[in-house]
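Following: one structure in structure tokens, then a few remarks.
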Amino acid sequence: MSLVIRQIAIDGFRKFRKPFAIENLSDGLNIVIEPNETGKSTLLEALRAAFFVRHNTRNQLAQSFAPYGEAVGPEIKVSFDVDGSPWSLTKRFLRSPSLEISGPQGRAQGDDAEARLNTLFGSVRDTSRGGDVSTYGALGLLWVAQTEALAVAGPGQIVRDTIASTLEAEVGSIMGGDAYRRVRQRIDAQYELYWSPTGQKRGRQNDARERADAAIAAAREAGDRLAALERSFSDLDAARGRLKIIQREIADETDAQARKELVDSLEIARAAAQILSTRKAEQEAAVTKLKGLEDLKSRHEAAMISRDSATTAVESARAKRAELREALATGKAKVAAARDDLEAARGERHDARAALAAGEQAVRLSRRQTAIAAARRRHDELLKLEQLHGEAKARAATAIPAKAIEALEANDRAVSQAQAVVDAGATRLTLSGTIHGVTIDGKPMPAGERTITRPASIEIGKTLLIVSPPAAAASAEETLAAAIHKRKAALDELHVADLAAARSRNEAARDAAAELRTLTARIQAATPADDTLQIAAGADALKLFVGELEPEEPEAEASLPDMNALAAAVEAADTKLARAEGTQDSAIAALRRAEEADAPLALAEAGALSDLANAAALLKEIEARPEWATLDVDLERARETAAHAAVRLVEAERNASAHDVGAINRKIEVIDARVRVTADTRTRLETEIARLEGTIESEGGLGLADRAAAAQEEVEAANAALQRVTEEADTLKLLRDTLESARNETAAKFVGPVAKRAKRYISQLLPDCDLTFAEDLSLASVSRTGVDESCANLSRGTQEQLAVLTRIAFADLLLEQGKPVSLILDDPLVYSDDGRLDTMIEILTEAATRMQIILLTCRDRAFRHVPGNRILLRAAA
């Protein structure tokens, strides 16, 4: 019995917020190739909801059907055929939930419709919150959502029971009569008292173990307490001994006497330090007073010397200045006459230069007009060169990259190599002579040599000759065709006919590039900088200048002035002015020399007068001070006082160094720390002794030795009970395992037909591979070249492929029993390589001849070539 889904309509279901429908699903292979996030997985979820999720449930799964943020009632409509009979259902969730189904038996609604669906598809009511696919029956196994096929898993109990009934006729009755069930139930009941379903110890074994552990712990605790009591006696004796030693140390007066002596030394050291400070202050005062008196005497002597020197300098400067007064008067008169002559020469030169400037302006105007005419000619030449430059640049841009040329050469080599392989593996036929009536594949065969890469029929009269080339010839021819196609695609992409044309185009592009460099150099030569017109170098500057010019108008030629005569007049005026300036400079120099000779004499006179006044004032101030009268006596007395202060300071420094305050304090701190530690140790020992005495008093009368002996007896009894329970548990486990082994031996006959059907597909994917199924019909392991491999250890891709193939095998078994079957795969074979993917597609295509298969995938490249009914979700939407 086949199940064929014909139409699906969805409204308000997850991402399908608006009505959406797909139709025209075929009996065989249907392929939906769409990008991610277009609703492929949602489509499968909608089908599962329509067939298996109760309409009136409000569990977590049903709540997820509503679009995010919208309070609507998701609705699904499905039209399908079961064994050729049309059915339809309409199911609504959450808001006004409802279900209506119609089929050959008529219409049904609500719970009756749910019961009819369960009966039709062999499912049971799902009471889970998130959806349990094992309750969906066969379609829960065959409708595979994303990632559900990434691990090989067995079918649910519903599917196993269905398949078991199918295989009864093939393998006979399976071990499991009433007697076996009664024995097995009794053994299982006893087994559960000792073991968990997973083979872990529990019940009586755990109780016996807990009793033994408790007895051991109690014995250990009693022994520990007894040992602790015995240690307390020895610890008490040791603590009392240490306390006696500490008390003797405290009674020793050595440290106290040493500290008293250090304190006395500390007072002496502090007094010595105070005396040292006093001696330093006395010495500094004596030295300061001596320096002050010595400075006063040296200042008076220096002032006397300065006064005498200043008096001599004033007299000498006044005598020399009297000799220079007549030379200064003569120099001033000569400077005034030279100034008048210079002013007249400057007027003549100004007039000559004005005439020369007017002539130069006329010449510059004439030169500018000539330069503008030359610029216009260069501009015309520039436009022509730029046109040629653009044409050459366009030709140079057609150059093909070196990598592209290398790719074309590689394609040519690939074609040549493929052709060589075709020629080497093909069959060659040579026809010669004047034979008539020879045909090949129904066409006349001409004389000469012919290469055959595919099977050919040759007729010679009434004789038919079949020529079959080696099998490798066909693949070589396909390789040649692929290489030719790749070469043509590369040539078409570059818009060239062949490799020679590409090279020719590159040669033309290189010539154009060379021409482009020549034209660039010519353009640079045609656009130099022009200082006359203030034009920078470059084509843009020249274009800008010419573009801003007014239209050229012919001008009448004007006569130019005699620039030589004007220059000669300016030169004569400059010469006269230079002579006048020289005469003035000479007069000024003579006056300056006289002034320069008088200036230092005046400065020397003024400085000497200032020094004389300062020296006199300083002498008057020093001699007016009260200590001046007794300066010599006070100076001698101050020298003696400073010497005595230095001697006393040396003596104080010697005394202070003999008594170091810091060292004495450190020694006192060491003694104080030793006393504190000793006192703390005594306190700690007294506390420890009190604690030990209390422990001995409290624990000594409890009979710890008797308790330890009783606890040891309990340990021996508990260990004996544990051994007895362990033996009972092992016996039950051995009996149960023996029964299970016998049952598995019989069950091997049961899974044999399943393995046989699955091997038909798996051998195409994994040749020479044997399968091992578990009792729950899950694929347990595969054996290749005598090596067993657990399915859990296979790669993701292999597990996914085996999961799909075993589902096809189960679908075939269910079809044989007449169950409604279809296969839906959401994003299948995501980890398959190209070779295995092609094999899997062939298997799915073959299976689609017996059942409806719907592939939901986003991999356009992997499935675009697969023949089947194409469904477009975007077009449908």
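In terms of our numbering, the sequence shown opens at residue 1027 and continues consecutively.
Glycine included, every Cβ here is placed at the ideal spot set by N, Cα and C.
Ranked by Cα distance from A1716, the first of D1263, L1087 and S1342 is D1263.
Residue environment for L1586: exposed (fewer than 16 other C-beta atoms within 10 angstroms of its C-beta). Here L1354 really is in contact with A1620; their C-beta atoms are around 5 Å apart, less than 8 Å. When Cβ pairs closer than 8 Å are counted between the two stretches, the segment 1868-1882 is seen to touch the segment 1035-1055, the count reaching three or more. Secondary structure at L1898: coil, using DSSP grouped into helix, strand and coil. The beta strand (DSSP E) runs of length 3 or more contained entirely in the segment 1451-1482 are, from start to end of the chain, 1453-1457, 1464-1466 and 1474-1478. Within the segment 1052-1097, the complete alpha helix (DSSP H) segments of 4 residues or longer fall at 1066-1078 and 1086-1089, listed in chain order. Apart from sequence neighbours up to five positions away, the residues of its chain that approach A1482 with a beta-carbon distance below 7 Å are I1466, D1467 and V1493, ordered along the chain. Distance from the CA of V1572 to the CA of R1531, rounded to the nearest whole angstrom, comes to 39 Å.
Annotated three-state conformation of Q1226 is coil, per DSSP. According to DSSP, residue pairing for F1571 in a beta bridge does not occur. Selection D1859, A1755 and S1809 evaluated against I1213 yields A1755 as nearest (Cα-Cα). Here DSSP, grouped into helix, strand and coil, assigns A1873 to helix. Of all alpha-carbon atoms in S1807, V1447, G1110 and S1090, the one lying nearest the alpha-carbon of G1844 is that of G1110. A check of alpha carbon separations from A1399 across A1329, G1229, P1577 and L1490 identifies P1577 as the nearest. Contact between the segment 1735-1752 and the segment 1236-1250 is present: three or more C-beta pairs spanning the two stretches fall below 8 Å. DSSP, reduced to helix, strand and coil, places P1846 outside both helices and strands of the structure shown, so it counts as coil. In the structure shown, the three-state DSSP call for T1153 is coil. Counting only the Cα atoms, Q1560 lies some 21 Å from R1548.
The three-state reading of DSSP puts Q1443 in helix, counting H, G and I together. Using a Cβ-Cβ distance cut-off of 8 Å, the segment 1707-1714 and the segment 1269-1288 are in contact, since at least three pairs of beta carbons, one from each stretch, lie closer than that value.
The three-state reading of DSSP puts R1651 in coil, since its state is none of H, G, I, E or B. If only complete runs of 3 or more residues are kept, the segment 1356-1426 shows no beta strand (DSSP E) anywhere.
Straight-line spacing of the CA atoms in L1899 and I1510 works out to 37 Å. In the three-state scheme derived from DSSP, where H, G and I count as helix and E and B as strand, E1320 is classed as helix.
Straight through space, the alpha carbons of A1388 and A1363 are spaced by roughly 40 Å. If the five residues before and after R1305 are omitted, its C-beta is found closer than 6 Å to the C-beta atoms of R1674, L1675 and A1678, all from its own chain and listed in chain order. Distances from the CA of D1278 to each of T1704, L1855, L1820 and E1740 were compared; the closest alpha carbon is that of T1704. Beta-bridge annotation (DSSP): V1030 is paired with D1107. Counting C-beta pairs closer than 8 Å gives fewer than three between the segment 1029-1043 and the segment 1851-1862, which falls short of the contact rule. Judged by pairs of C-beta atoms under 8 Å, the segment 1147-1158 touches the segment 1072-1091, as three or more such pairs exist. DSSP places R1810 inside the beta strand (DSSP E), whose first and last residues are L1805 to R1810. A1534: member of the alpha helix (DSSP H) spanning L1525 to A1552, first to last residue.
The secondary-structure analysis by DSSP pairs R1118 across a beta bridge with E1101 and S1124.
Nearest C-alpha to D1321 among A1436, D1658, R1810 and A1888: D1658.
Between the beta-carbon of P1123 and that of H1081 there is about 5 Å, and that keeps the pair under the 8 Å contact cut.
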